[in-house]
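Working notes, structure below.
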Amino acid sequence: MSDARPGVCHYDVVIAGGGLVGSSAALALASKGLRVALVERRFCGAQASGVNYGGVRTQGRSAEQLPLAVRARRVYARLPELIGIDGEFVVSGHLRLARREADLDVLDQWSAMAREHGVQSQVMRGAEFRRRYPWLGPAAIGGSLCPSDGHANPRLVSSGFAHAARRAGADVREQTELSDIVFDGTRFQMRAGDELISSDWLINSAGAWANRIAGSFGESVPMKAIYPNMWVTEPLPLFIGHSLGVVGGGIYARQVERGNCVIGGGRGHGDGEYAQPSTATTRAVMRDACALLPALRDALLIRTWSGVEGETPDSNPVIGLSHTTPRLLHAFGFSGGGFLLAPGVGEVLADLVTQGETATPIEAFSIARFSHMPLSATQLP
């Protein structure tokens, strides 16, 4: 791995950020025989990738995201083969709930669009819906079930990809800061901690902190920090049959095999670097959740948490080639919906490095779409 300069380790690809995107890209690239360094300033999977809700959801995705979501869903079906564990992935189906008649129209329209991408969903309402889901409260008047969706344990999946990448030969460096990154016209030169390294390709998958790299190459995006608010109950008798969401967002819930209900909604607090859950938000959203799930009314909450995520103005991620620098790839800004997409993004990034293109349409995610937009005062560093 020697560079032309003595003492400099050279890689085919350096990946900045050891979340699920970076770790899955490292695995895909190392499995193809490339020399890969995955560099994470804390611990792999410890940021947004490891503290999210865990939804493996195609339902509700925009038309732009669906092809990528479908590809990523196929990756989840192969977790034991790819990373050696199933990540507690359960194909529970995702039930997206309607609370008003207009919501049912939204579900009908989405179902018709999703069929064009091979995603099937069933919209239910009225007496049929009530008979099928007696455990739902009257606040839900209908819903759409996407049976191929499910949920997994992000704490296992995210770190699992990093461990698998290391086994495949990637040089995984945790508690290591990437700094002084420059492109000299031929390759990228940088520091990993106190060590000088270089690479032919650089992948910027630094999550909420990706603007630090993008900005150094003249293409910061107007991304802001969000802090998803989540909590978990004591174990309860099993009653939630699917992973749940609602039209318009604001509440999501699932129940694991042990009986604990994982619930989320609203925002916590943070400073762009660290996040805290909000007691006021938890109380407000829990009242709405109880209207949908009456069995939660006497449940004890045993833990709350949050994380730092980057949100773009259109809620779509940035994925693809830089428009200022050769062989720089960006993959960040997943706006709270990246847990399903990330392993598919890792494969797409590997396609771009090894083939120069990908069959999965990603044009809508180009960083160039923000070139005309001013940076806001709340943008992430």
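Residue numbers for the sequence shown follow my numbering, beginning at 13 and rising by one. Where is the CB? At the ideal position from N, CA and C, for every residue including glycine. Please read these numbers as outputs of a predicted model, since none were measured by experiment.
- Inclusion of Ser-347 and Thr-324 in the CB contact set at 8 Å is warranted, their separation being smaller than that value.
- Listed in chain order, the non-local C-beta contacts of Arg-167 below 8 Å within the same chain comprise Gly-57, Gly-62, Val-63, local neighbours out to five positions each way being set aside.
- In the DSSP annotation of this structure, Phe-200 is not part of any alpha helix (DSSP H); the continuous beta strand (DSSP E) holding it starts and ends at 200-204.
- Within 10 angstroms of the beta-carbon of Leu-250 lie fewer than 16 other beta-carbons, which makes it exposed.
- Between the C-alpha atoms of Pro-338 and Phe-200 there is a straight-line separation of about 10 Å.
- For Leu-333 against Leu-364, the beta-carbon gap comes to about 7 Å, under 8 Å, which counts as contact.
- Put simply, the backbone Cα of Gly-280 is about 28 Å away from that of Ala-84.
- The residues Gly-30, Glu-186, in chain order, have a CB closer than 6 Å to that of Glu-52 in the same chain once the five nearest residues on each side in sequence are set aside.
- Cys-56 sits in coil when the DSSP states are folded into three classes, being neither helix nor strand.
- The beta strand (DSSP E) runs lying completely inside the stretch 190-254 and spanning 3 residues or more are 190-195, 200-204, 207-216, 236-238, 240-245, given in chain order.
- In the three-state reduction of the DSSP assignment, Ser-61 falls in the helix class.
- Approximately 6 Å separates the beta-carbon atoms of Leu-313 and Thr-245; this is inside 8 Å, confirming the contact.
- Among the bridge pairs identified by DSSP, Tyr-23 is matched with Ser-211.
- Setting aside the 5 residues that flank it on each side, Ile-238 is surrounded in the same chain by Arg-279, Glu-321, Glu-323, Gly-348, each with a C-beta closer than 7 Å to its C-beta; the list follows chain order.
- About 7 Å separates the beta carbons of Arg-108 and Val-258, which is inside the 8 Å limit, making them a contact pair.
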